[in-house]
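In terms of the numbering used here, the numbers along the sequence shown are unbroken and rise by one, the last being 829. Here the structure is laid out as structure tokens; the discussion comes afterwards.
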Amino acid sequence: MLRFTAERHDGHLQLVGAVWDFLVRDETSFDGSQWHEFSNRFLDALNQGLTGRTKVKGLGEGEIIPQRDVELHLDRRGKRFLIDISLCLRRLAQYMSVTLEMRLEWQRMMVRTRELDGQIKNMFETGMETPDGSMFGGKGFRSTWQEGCVAAATALNRFPENQKGEDYHGDYVAPMIRDIGLCMAMGDTPKDLITAQIGKADSIMNGGHDGSGGRDLHIGCFHRGILPPTAPLPIATVTMTGMALAAWKQGLERYHLACIGEGSSSSGEWWEALNLAATRGLPIGFILQNNQIALDTPPINQSNVELWADKAVAMGMPSWTIDGSDPAAWHASVATAREFTMSGAGPTLIHVETMRGCGHAHHHDDLYLGAPSGTPSGYVNRDLLSYWEPKDPVPTHRRLLLDLGVSEEDLIEMELDESILLKSTMAEIEAMAWPQPETVTKGITSIHDADSHQDHLFRLKGNAINLETTSPLEVGEYSLTYAQSGGWTYSRAIKQAMSDIADRYGDDTMFIGEDMEVAGAFGMNVQLKEQHQDKLLDMPLCEAVIIHSATGAALSGMRPMAEIQFGGFAALAHNALINNAAMLRWRWGAAVPLTIRIPLGARTRSGPFHANMIESWYANDPGLIVLAPGTPQDAYDLLVEAAALDDPVVFLEHIGLYGLRGGLTGWGDNINQKVDTTSVNEAIDAGESYKIGKAGVIRGGDDLTLVTWGSMVHLAKKAADQMAKEGVEIEIIDLRTLIPFDAKTCVDSVCRTGRLVILQEGQWFGGLGHSVQGRILEEAFYALESAPCVIGALDTPVPFSPPLENHTIPSLEHVLKTLRLVAKE
């Protein structure tokens, strides 16, 4: 108790010591009820001892800070102190309640971890022969001297026998990349852990397709409560915070434990996770493990905190420090944190002092510790090594078991069993097949696989082209109509879609983002506020935590809808979208039913950072479905259908189309429509796809194909009407789904017309239009009668001033000039 007080509240050392001595006196042992009664008396006495602080001479009765007087301020500080002391008392109780059976399990798991470390180190050094005849040793992340983390699992509600496909109802952990002991204690197997790190066919990183493993080197077993980590390390913590958000929102009795090292605790996303968890009081605990070095960077170059536990102070959550070489301290701390959090008191942070007794991974051992030859000599701090080596938890805990009466024979037998288990596991993995290369394309999203090299060659040879296609529309016929009266604006269609989504999914959905609970930046949440106030959730102003936490909620089975307020702000969530949400299905077959609404676009006079057209950002990183509706009907249909998909969907809604100017667009046009809300919902009820992945032909023509999306649909219509007067009939294709886009509809049209123009609002260079054009040309090049082209905005940021903005983006005049040139050829 005094050590903890010195660590966290040294100003109260005298008070704590005096009260303890007064109350304990001659008592030397307690049973459970006696300890509980003593703890209450101890806390009451401490509280009484705090009352005199407000009477310190010279303090006066003024404010400590604005709107907080002396009494209120000291009362709040005193309550935090008493919470910390009560948690210390509970940790003492949990520590002294540890059983011999627990310790035997910990020892077995620590020995298994050490044996596994040795086997994968040997695998790395000797390698396994790959199909091309080369030797490959995998990527082994080891945890030498850090095996004590196995004891965290015994404090959790776990189901180590749960099978894939079965519902999981236990607690979740987000381990670090080297926490293999914690994973095994939760129920992961040596076979799965090693298979992942060598990349064999039976790896769990198979995209949900048996035999398609080897896609990622990371560990994890989600059906047993283990969230697979990622190379950008904070992703796991902030995703787990999203899972805790879902549990909190749905009232589930589920605890979440997120682990990170001292290096990654420098990441802004880790701080964002702590901030959200503390703000909402989520059922999660954080572990910050000081490894004494982050790959090659010492702690002194990471942070200036006195103790790593101090990082929690800024977030208003309790924290404490433990010795990571003591498994019982791990167990007691996690048990206490879980008990505290599940009572509704909010999250905690456990700082673990430990040392990594090996390199970052196998390939790093010689650089870190030094090679046997002496070159390199190793850069590890030898004084630290000398301090931590005697604290190695495997032998030290073994000696404790002997002191507690466990026989040497029983320990030797257990160690032999684990050695046999790991050797037989390695033999099984040696015989396991490598993945077939062609399996890598499976399961990019639920609606498409990636094209193969053979697909590209097939198209290039002209084998896929069909010159006898028929347009669904007659020349000059439109499928796009506007309502002169009684129609919905684009924004009203989106509002109604969100309301209908809330009706359909009930408590399984929530709408999260900035400024959500009042109305939203454009009043888009007014209808939701009136009908589903409980489903709106304000988030901290951190785009990354919005998307990461929404991803975690989706992994938990919810169907969240997140909003990023403006297009340019999505850059702050790029890691969350690309390295997290987009990859989960392809990595391990996870369903991620998440929709991300992003308002954006020009003719809004909002300037840079707001109006950015960002669709091309997501073209090079597969896994997201990207939609860009241009009409009220498509906005409704695509949003409702997006919410039904088990994929992350980016929904790009154009602010200039909202109808904020008396029902007119930023171009001054009426694009209102009478919206059919029945057809898409009937398709979803029937389990059928509707519009996502399918382009729409909105005007028939036989002279030129104009492919476009979003706001440019209406500009394309104006241009086509004018060109028709000049004798040129243009077929307009609205992609609607940008990724993956419907290439067949575009290719078929170009084969009919012989000419191709892509019209995009985004900047010309690097815009998505070039990728769309390239895919079409790969198949339809020899059907062309003139050079294709892309029309886009100038290669500048979107400017603010109206004359500048109008000049930057494609205008009707510029589009017409381009169409005339292409048609003339």
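Every residue, glycine too, gets a C-beta built ideally from N, C-alpha and C. Predicted, not measured: the structure shown is a model, and the values here were computed from it.
Nearest-angstrom Cα distance between residue 624 and residue 112?
Numbered from its first residue, the sequence shown carries residue 624 at position 620. Numbered from its first residue, the sequence shown carries residue 112 at position 108. Using only the alpha carbons, I get a separation of about 45 Å.
State the start and end residues of the unbroken beta strand (DSSP E) segment that holds residue 735.
Locating residue 735 in the sequence shown gives position 731, where the first residue counts as 1. Looking at the DSSP string, the run of the beta strand (DSSP E) that includes residue 735 is 734-738.
Do residue 287 and residue 240 have their CB atoms nearer than 8 Å?
Locating residue 287 in the sequence shown gives position 283, where the first residue counts as 1. Locating residue 240 in the sequence shown gives position 236, where the first residue counts as 1. Residue 287 is not a Cβ neighbour of residue 240, given a cutoff of 8 Å.
Just to confirm, are residue 526 and residue 495 a CB contact at a threshold of 8 Å?
Counting from 1 along the sequence shown, the entry for residue 526 is found at position 522. Counting from 1 along the sequence shown, the entry for residue 495 is found at position 491. The answer is yes: Cβ separation under 8 Å.
Using three-state DSSP, classify residue 408 as helix, strand or coil.
Residue numbering aside, residue 408 sits at position 404 when the sequence shown is read from its first letter. The three-state secondary structure of residue 408, taken from DSSP, is coil.
Residue 261: which of 272, 249 and 253 sits nearest, CA to CA?
Sequence index remark: in the sequence shown, residue 261 carries index 257 (1-based). For the set 272, 249 and 253, the Cα lying nearest the Cα of residue 261 is the one of 249.
Please confirm whether residue 221 and residue 200 have their CB atoms less than 8 Å apart.
Locating residue 221 in the sequence shown gives position 217, counting from the first residue. Locating residue 200 in the sequence shown gives position 196, counting from the first residue. Yes, they are a contact pair.
For the structure I just gave you, are there three or more beta carbon pairs, one from the stretch 675-683 and one from the stretch 481-500, closer than 8 Å?
Flag = yes, the stretch 675-683 and the stretch 481-500 touch.
What ranges does the beta strand (DSSP E) occupy inside the stretch 273-332, keeping only unbroken runs of at least 3 residues that lie completely in it?
With a minimum length of 3 residues, the unbroken runs of beta strand (DSSP E) contained wholly in the stretch 273-332 fall at 288-294 and 323-327.
Taking a contact to mean a Cβ-Cβ separation below 8 Å, would you say residue 210 touches residue 217 in this structure?
As a position in the sequence shown, residue 210 is number 206, starting the count at 1. As a position in the sequence shown, residue 217 is number 213, starting the count at 1. Contact: yes.
Which one or two residues does DSSP pair with residue 266 in a beta bridge?
Stepping through the sequence shown from its first residue, residue 266 is reached at position 262. Residue pairing by DSSP leaves residue 266 without any beta bridge partner.
Report the residue from 488, 686 and 24 whose alpha carbon sits nearest the alpha carbon of residue 673.
Walking along the sequence shown from the start, residue 673 turns up at place 669. For residue 673, the nearest C-alpha among the options comes from 488.
Grouping DSSP H, G and I as helix and E and B as strand, with all else coil, what is residue 824?
For the purposes of this step, residue 824 is taken as the residue at position 820 of the sequence shown. Correct three-state label for residue 824: helix.
Please report the straight-line C-alpha distance between residue 99 and residue 553, rounded to a whole angstrom.
For this step, residue 99 is matched to residue 95 along the sequence shown. For this step, residue 553 is matched to residue 549 along the sequence shown. The straight-line gap from Cα to Cα measures roughly 33 Å.
Indicate the three-state DSSP secondary structure (helix, strand or coil) for residue 677 in the structure shown.
On the sequence shown, residue 677 is found 673 positions in, with the first residue counted as 1. Correct three-state label for residue 677: strand.
For residue 500, the three-state DSSP class (helix, strand or coil):
Counting from 1 along the sequence shown, the entry for residue 500 is found at position 496. When DSSP states are grouped into helix, strand and coil, residue 500 belongs to the helix group.
Hey, residue 138 and residue 182: beta-carbon distance below 8 Å or not?
Start at 1 with the first residue of the sequence shown, and residue 138 comes out as number 134. Start at 1 with the first residue of the sequence shown, and residue 182 comes out as number 178. Taking the C-beta atoms as reference points, residue 182 is found no nearer than 8 Å to residue 138.
Entirely within the stretch 23-107 and at least 3 residues each: give me those beta strand (DSSP E) ranges in chain order.
Whole beta strand (DSSP E) segments, 3+ residues: 67-69.
According to the neighbour-count rule (16 or more other Cβ atoms, all chains shown, within 10 Å of its Cβ), is residue 345 buried or exposed?
Counted from its first residue, the sequence shown places residue 345 at position 341. Buried, because 16 or more other Cβ atoms sit within 10 Å of the Cβ of residue 345.
Give every residue of the same chain whose Cβ lies closer than 8 Å to the Cβ of residue 768, excluding the five residues on either side of it in the sequence, and list them in chain order.
The residue labelled residue 768 in the question sits at position 764 within the sequence shown. Within the same chain, and ignoring the five residues on either side of residue 768 in sequence, the residues whose Cβ sits closer than 8 Å to its Cβ are 794, 795, 796, 797, 798 and 799.
Tell me the residue span of the beta strand (DSSP E) that contains residue 151.
For the purposes of this step, residue 151 is taken as the residue at position 147 of the sequence shown. Counting along the chain, residue 151 falls outside any beta strand (DSSP E), and DSSP gives it neither H nor E.
Please work out which residues of its chain come closer than 8 Å, Cβ to Cβ, to residue 596, disregarding the five sequence neighbours upstream and downstream, and give them in chain order.
Within the sequence shown, numbered from 1, the residue matching residue 596 stands at position 592. Here the set comprises 555, 558, 559, 585, 588, 589, 650, 651 and 652.
Status (buried if at least 16 other CB within 10 Å, exposed otherwise) for residue 233
Position 229 of the sequence shown, counted from the start, is the residue given in the question as residue 233. Here residue 233 is buried: its Cβ has 16 or more other Cβ atoms, across all protein chains shown, within 10 Å.
Have a look at 616, 161, 575 and 778 and flag the residue whose alpha-carbon is nearest the alpha-carbon of residue 464.
In the sequence shown, the residue the question calls residue 464 occupies position 460. When each option's Cα is compared against that of residue 464, the closest is 778.
Which runs of the beta strand (DSSP E) at least 3 residues long sit entirely within the stretch 631-686? Give them in chain order.
Uninterrupted beta strand (DSSP E) stretches at least 3 residues long and entirely within the stretch 631-686 occur at 652-658, given in chain order.
Tell me, please, which residues DSSP counts as bridged to residue 542.
Reading the sequence shown from its first residue, position 538 is the one you call residue 542. Partner residues in the beta bridge of residue 542, as assigned by DSSP, are 517.
Quick check on residue 488: does DSSP put it in helix, strand or coil?
Residue mapping note: residue 488 aligns to position 484 of the sequence shown, counting from 1. Coil, per DSSP.
Can the beta-carbon of residue 115 be found less than 8 Å from the beta-carbon of residue 430?
Position 111 of the sequence shown holds residue 115. Position 426 of the sequence shown holds residue 430. Not a contact, by the Cβ cut-off of 8 Å.
In chain order, what residues of the same chain lie with their CB nearer than 8 Å to the CB of residue 34, ignoring the 5 residues before and after it?
The residue you call residue 34 lines up with position 30 of the sequence shown. If we look at residue 34 and ignore the five residues flanking it on each side, its Cβ neighbours are 42.
For residue 118, is the classification buried or exposed, using 16 other Cβ atoms within 10 angstroms of its Cβ as the cut-off for buried?
One-based indexing of the sequence shown puts residue 118 at position 114. It is buried - the Cβ of residue 118 has at least 16 other Cβ atoms within 10 Å.
Assign residue 75 to buried or exposed, taking buried as 16 or more other Cβ atoms, counted over all protein chains shown, within 10 Å of its Cβ.
Translated into positions along the sequence shown, residue 75 becomes position 71. Exposed.
Can you tell me which of the three DSSP states residue 759 falls into?
In the sequence shown, counting from the first residue as 1, residue 759 sits at position 755. Here residue 759 sits in coil by DSSP.
Would you mind sorting residue 874 into buried or exposed? The rule is 16 or more other CB atoms within 10 Å of its CB.
Given a span of 5 to 829 for the chain in the structure shown, any question on residue 874 remains unanswerable.
Buried or exposed by the 16-neighbour rule on C-beta atoms within 10 Å, applied to residue 28:
For the purposes of this step, residue 28 is taken as residue 24 along the sequence shown, with counting starting at 1. It counts as exposed.
Unbroken beta strand (DSSP E) run spanning residue 565, endpoints:
Sequence index remark: in the sequence shown, residue 565 carries index 561 (1-based). Element bounds for residue 565: 565-567.
When 433, 449 and 763 are compared against residue 626, the one with the closest alpha-carbon
Translated into the one-based positions of the sequence shown, residue 626 becomes position 622. Ranked by Cα distance from residue 626, the first of 433, 449 and 763 is 449.
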